[in-house]
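Protein chains in written order, with my numbering: chain A, 11 to 297; chain B, 20 to 307.
Quick look at the structure:
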């Protein structure tokens, strides 16, 4: 630190400052600027297609209007259900992959990492073919004699949940496996040696040690789950409305910028609160 | 041993399920018939139709142009920033760094919303320019984190050695530091290109009426109905995204290996650890 202060006016510092300037300005104008504008916008009044600078809290009050708060609650419910399923499926997946011998953990890690870089919309198209009435799933189930009639899952609530879990699962898997890979296996052996059964070993050794990964996974799957409006649109046939869908609708169809901004701020606060609770807990857990 | 077998079976099932929808789409893009309920034989007819469609060709052109331009600008900005960050003296530069990384964690829909409202405040014409700015903004963090991570693992004694041997600061930079960073920059660029090339949500908000990118085209067509052409398009896009990601990973492997030869420990940069859990720093943790 001291060193840097001594060199403050050296040519190196001047050169570095100039080199940093374009990035600095770009970030300031095109990232920070929009963020601040969103905050300001959420307190403005709507005026036709535009917003005017009269200060108001109406946009925030409007979120608690029965129509909209219903959407928020539904959205939260869906996020909770999907996150719970992601935990139930993804946590064991990440854990058991980490314990596999040889190159297998990194093989499965790659297997889950690749989809992250392919747009989820593209990956979801396949589910339309699978879930649609008389689609692949229906054909399979009827051939196996499990169901008599087609399930017609597409455009239902379960279809949206399947889509959510499918999109969010890699995130949970990756964060759990990352922590589980660093787990000291001798601790598990020690616990077994000292007479703990597999269940007790899991709850008193494995679970506490992989909890940070689980929490990161919850964070990474819960936060986006309220905004994935296109899943609701293409798998739920607009029957399921998410907070994200509401923002999209207010923005592109109703052209109510201030309300959309208020909803966005609300959404960021909500996700921020969830992250805070999870991370706060994590910090306490470390002590 | 038995425990392993169950874990293994579970992992295999999950991996198959992960790729099943993608495989189904790829399979049906080669179906000669229009319906997804019947298989009418193998054919390339939908790919031919796809390439004959002028609006698709235009969208492909737009997406390529946008992806390349935005990742180049993001690379220039992010690399100069990563290099000069420790020495520069600007107010709140750390805050600027965190702000630059923010697009990685802000929900995409909120990003789209804020860009849309901000660009209309500035009266920017919606179209390629706005897409370009938005894609650059969310491409920067991917390149920045890559380059920072590479810089941290870079052995500082090598550029110093070059200076000792008589190279000027610029020569040392361009002949020593730059080549060592190049894989990291390239790998970040491939990631940001992949992100730009298949971004739907943000693009929908910031594009104008006249400019279509490939993902926007897919989304709008999906809402009206399924056609095997879309399956063919999806298959192509998945291939492009996979190619970019694998190339990025390969390049990252290159500089990891290089830096391992020079420095013993692999330090992890602060923001890489905190800001982007699991995604970016995922493959540096082999316990064996």
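Virtual Cβ for every residue (Gly too), placed ideally from N, Cα, C.
Name, please, each residue of chain B whose Cβ falls closer than 9 Å to the Cβ of residue i.
i	result
residue 23/A	106, 107, 108
residue 244/A	238, 241, 242
residue 54/A	Result: empty, since nearest Cβ-Cβ is about 10 Å, beyond 9 Å.
residue 111/A	23
residue 47/A	133, 136, 137, 140
Using the DSSP secondary-structure output, state which residues sit across from residue i in a beta bridge.
i	result
residue 61/A	56/A
residue 50/B	61/B
Which first and last residues belong to the alpha helix (DSSP H) in which residue i is found?
i	result
residue 126/A	114-126
residue 236/A	Taken as a continuous stretch (DSSP letters only), residue 236/A belongs to no alpha helix (DSSP H), as it is neither H nor E.
residue 195/A	195-203
residue 141/A	130-141
residue 101/A	76-108
residue 266/A	From DSSP, residue 266/A is part of no alpha helix (DSSP H); its letter is neither H nor E.
residue 159/B	147-172
residue 104/B	Neither: residue 104/B is in no alpha helix (DSSP H) and is coded neither H nor E.
residue 238/B	233-243
residue 109/B	Segment: none, residue 109/B is in no alpha helix (DSSP H) and carries neither H nor E.
residue 192/A	Run containing residue 192/A: none; DSSP gives neither H nor E here.
residue 158/A	Unbroken run through residue 158/A: none, as it is neither H nor E.
residue 46/A	43-51
residue 38/A	Premise fails: residue 38/A is in no alpha helix (DSSP H) and is neither H nor E.
residue 214/A	Residue 214/A -> no alpha helix (DSSP H), and no H or E assigned at all.
residue 254/A	253-258
residue 71/A	68-73
residue 136/B	127-140
residue 195/B	That residue, residue 195/B, is in no alpha helix (DSSP H); it is neither H nor E in DSSP.
residue 223/B	220-225
residue 180/B	176-183
Just the chain A side, please: which residues come within less than 8 Å of residue i by C-beta, in chain order?
i	result
residue 34/B	118, 121, 122
residue 127/B	234, 237
residue 142/B	Those do not exist, as residue 142/B stays about 11 Å from chain A at its closest Cβ, beyond 8 Å.
residue 49/B	Going along chain A, no residue has its Cβ under 8 Å from residue 49/B, so there is no contact; the nearest lies around 13 Å.
residue 253/B	132, 135
residue 39/B	136, 140
residue 96/B	32, 33, 36
So residue i packs on residue j, CB below 8 Å; how close in whole Å?
i	j	result
residue 138/B	residue 225/B	6 Å
residue 177/B	residue 119/B	With 8 Å as the limit, residue 177/B and residue 119/B do not qualify as a contact, their Cβ atoms being about 28 Å apart.
residue 242/B	residue 243/A	7 Å
residue 98/B	residue 41/B	The pair is not a contact, with the Cβ atoms about 33 Å apart (cut-off 8 Å).
residue 228/A	residue 93/A	6 Å
residue 94/B	residue 204/B	6 Å
residue 261/A	residue 270/A	4 Å
residue 135/A	residue 44/B	5 Å
residue 81/A	residue 283/A	Residue 81/A to residue 283/A, Cβ: 18 Å. No contact.
residue 1/B	residue 128/B	Not covered by the structure: residue 1/B. The range shown for chain B is 20 to 307.
residue 126/B	residue 281/A	7 Å
residue 26/B	residue 109/A	6 Å
residue 141/A	residue 147/A	6 Å
residue 85/B	residue 215/B	6 Å
residue 170/B	residue 101/B	6 Å
Taking residue i as the query, report the chain B residues whose CB atoms sit under 8 Å from its CB, ordered along the chain.
i	result
residue 129/A	217, 218, 219, 234, 256, 260
Taking residue i as the query, report the chain A residues whose CB atoms sit under 9 Å from its CB, ordered along the chain.
i	result
residue 68/B	In chain order: nothing, as chain A lies at least about 17 Å away.
residue 29/B	102, 103, 106, 107
residue 224/B	258, 261, 262
residue 264/B	123, 124, 126, 127, 128
Report the neighbours of residue i on chain A: residues whose CB is nearer than 7 Å to its CB, in chain order.
i	result
residue 100/B	30, 33
residue 171/B	Result: empty, since nearest Cβ-Cβ is about 17 Å, beyond 7 Å.
residue 178/B	Within chain A, no residue comes near residue 178/B; the closest Cβ sits about 13 Å away, beyond 7 Å.
residue 118/B	37, 41, 42
Please list, in chain order, the chain B residues whose beta carbon lies closer than 7 Å to that of residue i.
i	result
residue 254/A	128
residue 166/A	Residues of chain B passing the Cβ test: none, with the nearest at roughly 17 Å.
residue 51/A	136
What I want to know is whether the C-beta of residue i ends up closer than 7 Å to one or more non-hydrogen atoms of the ligand SAM.
i	result
residue 156/B	Looking for the ligand SAM in the displayed structure turns up nothing, as the structure carries no ligands at all.
Mind the definition here: the segment 206-224 of chain B touches the segment 119-126 of chain A only if three or more C-beta pairs lie below 8 Å; say whether that holds.
-> no
Segment contact flag, the segment 238-251 of chain A with the segment 192-205 of chain A, C-beta cutoff 8 Å, min 3 pairs | no
Using 8 Å as the Cβ pair cut-off and three pairs as the minimum, do the segment 95-109 of chain B and the segment 21-35 of chain A touch?
-> yes
Is the segment 62-75 of chain A touching the segment 141-149 of chain B, taking contact as three or more C-beta pairs under 8 Å?
-> no
Below 8 Å, can you find three or more Cβ-Cβ pairs linking the segment 173-189 of chain A to the segment 121-141 of chain A?
-> yes
Answer yes if the segment 144-162 of chain A comes into contact with the segment 101-111 of chain A, meaning at least three C-beta pairs across the two stretches below 8 Å, and no otherwise.
-> no
Just checking, does the segment 130-145 of chain A make contact with the segment 201-218 of chain A on the three C-beta pairs under 8 Å criterion?
-> no
The segment 73-89 of chain B contacting the segment 147-156 of chain B, beta-carbon criterion three pairs below 8 Å | yes
Could you run through the segment 143-164 of chain A and flag, in chain order, every residue whose CB is less than 8 Å away from some CB of chain D?
-> Protein chains A and B are contained in the structure displayed, whereas chain D is not.
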